[in-house]
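Mapping of the sequence shown onto this note's numbering: position 226 corresponds to residue 246, and the numbering continues sequentially without gaps.
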Amino acid sequence: MSFKYGDHPCESLLTEIRSIVEDVVTDRTFAVGGPLPPSFPPAKIVVKDVGRNGMPVSREQAAVLASVASASPHGHQSQTVVDPELKCVDLDASLVRTMPQWDAAILNLARDASKRMDLSTAAAATVQPRLDKLTLYDVGGAFVECLGIENKAGIFGTLVVQLPPEYMGGALTMRYHEQEKRFWFDGPDSADGLYHPAFFAEVFPAMSPIESGMRICLVYHLVRPTQGPPLSIASDDELVA
C-alpha cells in the first residue's frame with residue numbers, strides 16, 4: 021500500500037460541526053466531535069518492529085506502518101468483509117504503545133465526550149477508553165455505512181482520535197435511524213491538529229473517500245466496566261437529569 025500526498029487547496033477549511041440533534045426516543049446525543057485544544061499532548065506512538073513515529077506522520081513512516089498492517093475489515097458480525105479497494109489498513113492494539121501522558125489525556129477526553137453524549141456525570145466518570153487499533157486511510161480510502169461495534173462486554177461506543185498529517189476529503193457521516201450528523205476534519209488545519217468523533221454502538225458511521233494526503237487515527241472502545249445491561253442510546257438510565 022503506497023502513501024502519496026496530493027495537491028492541497030490553498031484556502032483553509034474550517035471544521036464544521038452540526039448542532040446537537042435530539043434523539044427521537046430520548047434526549048441522548050448519539051454522536052459528538054470536534055478539534056482538540058492546542059494544550060492536548062502530542063501523540064507519541066511506538067509500533068512493534070517499527071519503533072517510535074513522529075508527528076505528523078511522514079509518507080515514509082506511513083509506508084513502513086502499512087507494511088506491518090492488515091487490510092481493514094468492514095461490516096458487522098457475519099457480514100464482515102475485507103475489501104482491499106477501500107485502501108484502509110489496521111494495526112492491532114497489541115502492536116501499538118502510547119505514552120502515559122497521552123493515555124491520561126485520552127481518559128479525560130473519553131469521559132468528557134461521554135458527558136457530551138448525555139451520560140450523567142457519575143456514569144461518565146466510570147468510562148474507560150480501550151485502544152482497539154490504529155487505522156490508516158490512503159488516497160481513495162473510505163468505508164461504507166456499517167454498524168460501528170457490537171454492544172457487549174461493557175462496550176457502549178467508539179472514540180476516534182485523528183492524528184496529523186494533512187488530508188482532503190473523508191467527510192464523516194453518523195446515522196442513527198432517520199437522523200444524521202456530519203463532521204469534516206480535513207484541510208490545512210489537519211496538518212498539525214488533533215480531532216475526534218465519538219458515538220454510540222448503535223450508530224452507523226461512514227466516510228467518503230480521501231481525496232489527497234492520508235488519514236491516520238487511533239480507535240478506542242468506550243467501555244463502562246460495571247454490572248448490568250449494556251448502555252445504549254435508547255436506555256433511560258444514566259441520563260443527565
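Backbone N, C-alpha and C fix where the C-beta goes; we use that ideal spot for every residue, glycine too.
From the options, residue whose alpha carbon lies closest to that of residue i
| i | options | result |
| --- | --- | --- |
| P245 | A144, I126, F205 and G53 | A144 |
| P62 | V88, V52, P120 and F219 | P120 |
| T146 | L214, V88 and A130 | A130 |
| L179 | G190, D132 and K201 | D132 |
| A226 | I236, K201, Y187 and R117 | K201 |
| K135 | E231, I236, E186 and G53 | G53 |
| G190 | F176, F205 and T49 | F205 |
Coil, strand or helix - residue i by DSSP
| i | result |
| --- | --- |
| D123 | helix |
| A113 | helix |
| T193 | strand |
| A145 | coil |
| A277 | Outside the modelled stretch of the chain, which goes from 21 to 261, sits residue 277, for which no answer is possible. |
| F60 | coil |
Strand pairing of residue i, partner residues [DSSP]
| i | result |
| --- | --- |
| F219 | A51 and T178 |
| F163 | M227 |
| L183 | I236 |
| K153 | D112 and V239 |
| M188 | S232 |
Presumed contact (8 Å Cβ cut-off) between residue i and residue j, rounded CB distance
| i | j | result |
| --- | --- | --- |
| L156 | M234 | 6 Å |
| V77 | L183 | 7 Å |
| I126 | V88 | Not confirmed; about 23 Å, so no contact. |
Does the structure place the segment 136 to 152 close enough to the segment 71 to 87 that three or more beta carbon pairs sit under 8 Å? By the Cβ rule, the segment 71 to 87 does not count as touching the segment 136 to 152, because fewer than three pairs are nearer than 8 Å.
Cβ contact (3+ pairs, closer than 8 Å) linking the segment 150 to 162 and the segment 191 to 204: Because the criterion of three Cβ pairs below 8 Å is not met, the segment 150 to 162 and the segment 191 to 204 do not touch.
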